[in-house]
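Mapping the sequence shown onto our numbering, position 68 (from 1) lands on 53, and the numbers just tick up by one.
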Amino acid sequence: MNISASDRARLLKAQQGELDGVVTYLRLAELVSNETDAKTFKRLAADEGRHAAVFKQYTGEVLQPKRLQAIAVALAYRLLGKRILYPIIARFEYSAVPGYEQLMKDYPEVGSVKDDEKRHGDTLKALLGNGEYNDAPLILPIASVALLVFSIFYRRRMYHGQSDRFLKGTDKTQEG
Ligand SMILES: [Fe+2]
């Protein structure tokens, strides 16, 4: 099959994205706080592996998954929790669809991949509705600590500002 350089680049990029998706979903499966989500992510990881194989048929290239996305998504899960993160991942899944629709005109096998991405988006949204919200996003404690530190710092500044003015008998804002 004769593949143009630009198509080859797109197919390779898709293959890499699918491989990165495998490690990302496997990492999420380890992290998530309930069985339904973990099982689902393992299934999604298997799908992404199949997708990578579809693109490999065209590129003939063996690629290695990159872990950066998995690390970023794991961190985002810890920080944000599922209610914020899952819709973001769903949006990424849906966003792959138009590009794959283009590719499937010349590379028909991509058609099944495209259908799966749409289904993955729907699956992630469905997980949001399963009522299992026993994760503990760190964003709340982090925000509370930040607020506490800020309020202490702010009060100290207020206090110093007042004592300076008191000692000098003048208002600093009037100087200069
Ligand atoms: Fe995929």
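The beta carbon of each residue, even a glycine, is placed where N, CA and C say it ideally should be.
Looking at C-alpha atoms only, which residue of the options is the closest neighbour of residue i?
| i | options | result |
| --- | --- | --- |
| Asp22 | Arg35, Asp100, Leu113 and Ser(-9) | Leu113 |
| Ala111 | Pro72, Val58, Gln0 and Arg28 | Pro72 |
| Glu46 | Ala131, Arg(-5) and Ser129 | Arg(-5) |
| Asp(-8) | Leu132, Tyr92, Lys153 and Arg142 | Tyr92 |
| Asn237 | Thr44, Ile(-12), Leu152 and Asn115 | In this structure the chain extends from -14 to 161, so residue 237 is not present and cannot be described. |
| Gln42 | Leu(-3), Leu132, Arg141 and Ser(-11) | Leu(-3) |
Near residue i, what residues of its chain come up, given a Cβ to Cβ distance below 6 Å and the 5 sequence neighbours on each side ignored?
| i | result |
| --- | --- |
| Ala61 | Leu70 |
| Ala37 | Gln0, Glu3 and Leu4 |
| Arg55 | The sequence shown places Ala at residue 55, not Arg. Around Ala55: Val8, Thr9 and Arg12. |
Excluding the 5 residues preceding and the 5 following residue i in the sequence, name in chain order all residues of the same chain whose CB lies nearer than 8 Å to its CB.
| i | result |
| --- | --- |
| Leu64 | Pro122, Leu123, Ile124 and Ile127 |
| Val17 | Ala23, Phe26, Tyr62, Lys67 and Asp120 |
| Ala57 | none |
Should residue i be labelled buried (16 or more other beta-carbon atoms within 10 Å of its own) or exposed?
| i | result |
| --- | --- |
| Val39 | buried |
| Glu33 | buried |
| Asp101 | buried |
| Tyr139 | exposed |
| Val134 | exposed |
| Leu13 | buried |
| Val8 | buried |
| Leu152 | exposed |
| Tyr85 | buried |
| Ala81 | buried |
Once the 5 residues before and after residue i are set aside, which same chain residues still bring their CB inside 7 Å of it?
| i | result |
| --- | --- |
| Met89 | Val95, Gly96 and Lys99 |
Requested in this report: Inspect the CB distances between the segment -8 to 7 and the segment 40 to 53 and report whether three or more fall short of 8 Å.
Outcome: yes
Requested in this report: Decide yes or no for the touch test of the segment 59 to 68 against the segment 93 to 104: beta carbon pairs closer than 8 Å, at least 3 of them.
Outcome: no
Query raised in the report: For the 8 Å Cβ check, are there 3 or more pairs between the segment 73 to 81 and the segment 99 to 108?
Result: yes
Query raised in the report: Taking only runs of the alpha helix (DSSP H) that begin and end inside the segment 11 to 52, which ones reach a length of at least 4 residues, in chain order?
Result: 20 to 44
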